[in-house]
Amino acid sequence: MHYIPNTEADRQEMLARVGVSAIETLFQDIPAEFRYPEYQLPPALSEMEILREMEALAERDDAVDRRPCFLGAGAYRHFVPSVVQALLQRGEFTTAYTPYQPEVSQGTLQSHFEYQSMLAALTGMDAAIVSHYDGATAVAEAVIMALKVAEDKRMRIVISPTLPSQYREVTRTYLEGLPVTVVGEATAPGQLNVLAELIDAETACVVTANPDFFGRLYSPADMQALADRIHAAGGLLVVSVDPISLGLFQPPGAYGADIVTGEGQSLGNALNFGGPYLGLFATRMRYVRKTAGRIVGETTDSEGRRGFTLTLSAREQHIRREKASSNICSNEALNALAAAIYLAVMGKQGLRQVAALCWHNAHYAAARLGAIDGYTVETDGTFFKEFVLRCPLPVAEINRRLLAKHGIIGGYDLGQVSPARAQDMLVCVTEMNPREEIDRLADALATIAAEGDGHA
Amino acid sequence: MLEPLLHEISHPGRCAFSLPACDVPETPLPEEYLRDDLPLPELAEIDVVRHYTHLAQMNFAIDVGFYPLGSCTMKYNPKVNDVAARMPGFAHLHPLQPETCVQGAMTLMEALQALLGEIGGFPAVSLQPAAGAQGELTGLLMMRKYLHDRGERQRTVVLVPDSAHGTNPATTAMSGLRMLQVASDARGNVDLDALRDTVGAHSDELLGMMLTNPNTLGLFDEHLQEIIALIHDAGGLMYGDGANLNALLGVVKPGALGFDVMHFNLHKTFSTPHGGGGPGAGTVGACARLADYLPGPLVMEEAGVMRFRMPSHSIGRVKSFFGNFGVLVRAYVYIRMLGAEGLRAISANAVLNANYLQACLRDHYPIPHGDRLCMHEFVAQGIFAGAPQVHTLDIAKRLIDFGFHPPTIYFPLIVPEALMIEPTETESKETLDAFVAALERIAEEARTTPEVVTTAPHSTPLRRLDEVKAARTPVLKE
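For the protein sequence lines, the chains are A and B, in the order given.
In terms of my numbering, the first sequence is residues -12 to 443.
In terms of my numbering, the second sequence is residues 435 to 912.
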């Protein structure tokens, strides 16, 4: 095994030093009848053989970089500058552990401190956590934190029906063992005032997304009104964001959010078939000691020089055990680094331009697609890069034809979250979809509508 | 050499990006929605490259040197795994593409479920959990739901040994369950009498036990079968914390020993890089009676086609989509290159390396359970008879000057001044000998020139960091 440097001679020498004659002796505490069972495993492969096999497997997949793709719904195709991947592959970053020893981990620590700084700036909050597992668990952890912040043991939360369904499912799983009442999911989508009506004196928090799962963007004034309602009731406002949208639009910190979460995959991370992704989490300074997850702080060394270290660990499982704010340990640190490098590359002007390209391309697409006979844009009000297109046929059928005959990956079939919406397509358009792709999609959708039902 | 912060090298007007011009008619932006300022840095591409290259150079990592961090299994991370994970057919797949378009990825997932099931001795495996701690939460929620479905709602007590990782008690609290701690005995095992008493006093309320085996002392519990029988006889379930599975690869199947649920840390045992704190993967295996409670979706083969299916009594999702797929690809490649023989070679060399280090250090450092053979790791103590002012922290920092990453320190909590050392199988005898020589030298320094040890490290760009100050007056952003 070429990963193991010990030679047979080394092993014999080492066994002699240990004072046993055979390696098997080292395993003597394992009950004999269970030792060395048979393993039904395929034979070992050489590097060349496994790479061939992996290439063959990967070839069976239809990678989204081969063709126009209008799929979003929580995982997004944004441009990743070459610099991000080149720097991220450095072994000093990838093969380091959690930076428990700050003197030999300043690279990870400073890059995470800078990430925290940029995420705080982006969201308009005071402080950010290095990471949660993804946008869904970030919401779940935010809810658990809100329950703890409310000192009067509140056990009720209001969740918007427009939070992605997987985020709501994960939050439910996380709350499984706790006596918490969840309301709001059955309300009509997009009605912040209806959500506000559900807030009472027992409510620990209200959770909503901006833009929401269906692409709709809520105005700062409407969001501020929701914030005022929950604050008057003594609870917190949790907002799940698309970080790219914050290149243009007001951050949740400007309209009263107490916790901002989000899926950070868009920031320099590949689609990776759903993971690893990046759970964004930022909050106000007054709540920071109630947060879960790693935080890096600035300090000085024994000679007074600036340096960075993990801090506020009195919240964490390795110190507080059953009294910790969460059990989280390993997180998505490398994905946070990718996001940091991405934000450093894009900077003040670049992120704004990416967001603007998304806006213009998506609105051009909505105008083009909504003008085709049989199709209407259902999204009511302002949207960012996603909108709902009502189709003349089931989306599953349209997508099948789009791929088979036109080589296009269509939008998300909302029938998968609600059977009543089988003709609603959630179309996602980013800076990766230039005019030519949008026009191709429009032509293809027109053709499909003209073919109608019968043509399979 | 210290590196300035991004905002300190930012210069108005610089840019490191290159984007296409807008080629569609522009749509006016809604004024009342727009932000005033976007306080991000402005840098040239070369600024970004040099900044992060300098930062990388300030990191210790496996690629740099020996990293004997106990319980973290910091073994070499093969580069071929990264190459496979970056193949476009894996890296550029959208998780919501139709199943027919992602059969390669799903085939890999199905195969990995089966491989891990075989290695762990479990009939079913869910790849969804993102980390070990999330695997623990998954396991406890499964155990809770299974017992609830049998009408045993009063079972809320989870036993956790005092040697356990902090995640075990934290997970218990997060699951809305009550943790009772069980003491260890003089040989480092779970104290069987104490366990019997606790189980006896709480048998009606017992949900189960979380056990790391080998435990954090690096010892395989000598009474494992009695422990499992005690828990099962009381109607409880056995959770296996797989953090230390590297010691058992190819030697024993935890499922066969009677563990009902167990998480695998793919970023430890199966050598996916830890990335400075993640991503990992906390894949969970379950015995037959708990299989239907796994989080989903799982990948199932139906008539030659791979399908995503939710187990019938699933606790639900613990994460968006299907788990940390990029990590799964790496673990799959690793296992396929090893085969059964390779797996056995890993545990053999990991355990031999640990025992060799223990034997070499026995004369220089107290090793509370040094009379036993250890598994993949062991715990020494940073205590010197003639040098009371030198502590484990000092030894750890001094090791840095000799080019080594310190071991895990002050854990497990039951050993004062603990130095928890896990060499892994990917280190050579020469590396281990050099590490022993450094620790011998530090022991000597502790007696002759203790101030050299207590003021270490001396070779790093920064000296010891003031962690108290950082926590007392938090500065969390630029």
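Heads up, the beta-carbon is just placed ideally off N, CA and C, and yes, glycines get one too.
Keep in mind it's a predicted model, so treat the numbers as computed, not measured.
Supposed contact pair residue j and residue i - C-beta distance, whole angstroms, cut 8 Å
| i | j | result |
| --- | --- | --- |
| Pro914 (chain B) | Leu772 (chain B) | Beyond the ends of chain B as shown, which are 435 and 912, falls residue 914 (chain B); an answer cannot be given. |
| Gly692 (chain B) | Met672 (chain B) | 6 Å |
| Asp828 (chain B) | Thr888 (chain B) | 5 Å |
| Asp114 (chain A) | Val275 (chain A) | The amino acid at residue 114 (chain A) is misidentified as Asp; the sequence shows Ala. Indeed they touch by this definition, with Cβ atoms about 5 Å apart. |
| Glu833 (chain B) | Ala872 (chain B) | It should be pointed out that residue 833 (chain B) corresponds to Leu in this sequence rather than to Glu. Contact holds; Cβ gap of about 6 Å. |
| Phe260 (chain A) | Ala539 (chain B) | 5 Å |
| Ile359 (chain A) | Ala429 (chain A) | 6 Å |
| Arg806 (chain B) | Arg621 (chain B) | 7 Å |
| Thr632 (chain B) | Leu574 (chain B) | Not a contact, Cβ separation roughly 18 Å. |
When the options are compared against residue i, the one with the closest alpha-carbon
| i | options | result |
| --- | --- | --- |
| Ala776 (chain B) | B:Phe704, B:Pro895 and B:Gly674 | It should be noted that the sequence gives Gly, not Ala, for residue 776 (chain B). Closest option to Gly776 (chain B), Cα to Cα, is B:Phe704. |
| Glu189 (chain A) | A:Arg47, A:Pro230, A:Pro239 and A:Leu134 | A:Leu134 |
| Pro916 (chain B) | A:Tyr264, A:Gly334 and A:Asn197 | Residue 916 (chain B) lies beyond the stretch modelled for chain B, which goes from 435 to 912, so this question has no answer here. |
| His218 (chain A) | A:Met105, A:Leu338 and A:Ile246 | A:Ile246 |
| His350 (chain A) | A:Gln403, A:Arg47 and A:Gly202 | A:Gly202 |
| Ser227 (chain A) | A:Gln211, A:Ser289, A:Ala220 and A:Ala244 | A:Ala244 |
| Met(-12) (chain A) | B:Ile769, B:Thr842 and B:Gln823 | B:Ile769 |
| Asn318 (chain A) | A:Leu32, A:Val51, A:Gly122 and A:Gln15 | A:Gly122 |
| Ala301 (chain A) | A:Asn314, A:Arg388 and A:Glu290 | A:Asn314 |
| Val332 (chain A) | B:Glu437, B:Leu436, B:Asn511 and B:Ser444 | B:Ser444 |
| Ser253 (chain A) | A:Tyr329, A:Arg53 and A:Ala83 | A:Tyr329 |
| Thr81 (chain A) | B:Pro438, B:Val761 and B:Asp667 | B:Val761 |
| Glu874 (chain B) | B:Ala478, B:Val902, B:Gly804 and B:His798 | B:His798 |
| Arg484 (chain B) | B:Leu453, B:Tyr501 and B:Leu439 | B:Leu439 |
| Gly164 (chain A) | B:Gly600, B:Leu581, B:Arg469 and B:Ala628 | B:Leu581 |
| Arg339 (chain A) | A:Phe236, A:Ile396 and A:Phe66 | A:Phe236 |
| Pro475 (chain B) | A:Gly234, A:Leu13 and A:Leu390 | A:Gly234 |
Residue i versus residue j: straight-line alpha-carbon distance, rounded
| i | j | result |
| --- | --- | --- |
| Arg64 (chain A) | Gly251 (chain A) | 12 Å |
| Tyr23 (chain A) | Glu11 (chain A) | 10 Å |
| Arg(-2) (chain A) | Asn783 (chain B) | 8 Å |
| Asp209 (chain A) | Thr894 (chain B) | 52 Å |
| Leu640 (chain B) | Ser8 (chain A) | 43 Å |
| Asp655 (chain B) | Asp675 (chain B) | 13 Å |
| Gln336 (chain A) | Thr487 (chain B) | 23 Å |
| Gly968 (chain B) | Leu682 (chain B) | What the structure shows of chain B is the stretch from 435 to 912, and residue 968 (chain B) is not part of that stretch, so it cannot be assessed. |
| Asn789 (chain B) | Leu899 (chain B) | 33 Å |
| Thr706 (chain B) | Pro(-8) (chain A) | 19 Å |
| Ser597 (chain B) | Glu811 (chain B) | 14 Å |
| Val559 (chain B) | Ala433 (chain A) | 45 Å |
| Pro30 (chain A) | Asn649 (chain B) | 31 Å |
| Val718 (chain B) | Met508 (chain B) | 21 Å |
| Phe869 (chain B) | Lys863 (chain B) | 10 Å |
| Val591 (chain B) | Ala725 (chain B) | 22 Å |
Assigned exposure category for residue i - 16 Cβ within 10 Å defines buried
| i | result |
| --- | --- |
| Leu258 (chain A) | buried |
| Lys310 (chain A) | exposed |
| Thr(-6) (chain A) | exposed |
| Pro166 (chain A) | exposed |
| Arg281 (chain A) | buried |
| Lys831 (chain B) | buried |
| Ala443 (chain A) | In this prediction, Ala443 (chain A) has a pLDDT of 47, which is less than 50 and means its spatial position is unreliable; what the coordinates show is noted afterwards. Exposed, since its Cβ has fewer than 16 Cβ neighbours within 10 Å. |
| Asp27 (chain A) | Note on residue identity: the sequence assigns Gln, not Asp, to residue 27 (chain A). Its Cβ having fewer than 16 others within 10 Å, Gln27 (chain A) is exposed. |
| Asn348 (chain A) | buried |
| Glu0 (chain A) | exposed |
| Met35 (chain A) | exposed |
| Ala406 (chain A) | Note that residue 406 (chain A) is Pro in the sequence shown, not Ala. That one is exposed. |
| Asp470 (chain B) | exposed |
| Ile306 (chain A) | exposed |
| Asp229 (chain A) | buried |
| Val763 (chain B) | buried |
Residue i CB to nearest heavy atom of the ligand PLP below 7 Å
| i | result |
| --- | --- |
| Ala409 (chain A) | In terms of ligand content, the structure shown is empty, and the ligand PLP therefore cannot be addressed. |
Which ranges would you report for the alpha helix (DSSP H) in the region 286 to 337 of chain A if only whole runs of at least 4 residues count? Runs of the alpha helix (DSSP H) inside the region 286 to 337 of chain A: 304 to 307.
Please list the segments of the beta strand (DSSP E) lying wholly inside the region 121 to 189 of chain A, counting only runs of 3 or more residues, in order along the chain. The qualifying runs are 143 to 146 and 168 to 170.
Let me know the beta strand (DSSP E) ranges lying completely inside the region 648 to 692 of chain B, each 3 residues or longer, listed in chain order. Correct list: 671 to 676.
Please name the residues in the region 495 to 523 of chain B whose beta-carbon is closer than 9 Å to at least one beta-carbon of chain C, in chain order. In summary, chain C is missing from the structure at hand, where the protein chains are A and B.
Ignoring anything shorter than 3 residues or poking outside the region 842 to 883 of chain B, list the beta strand (DSSP E) runs there in chain order. Qualifying beta strand (DSSP E) stretches, in chain order: 852 to 855.
List, from N- to C-terminal side, the alpha helix (DSSP H) runs of 4 residues or more that fit wholly inside the region 582 to 621 of chain B. You should have 601 to 608.
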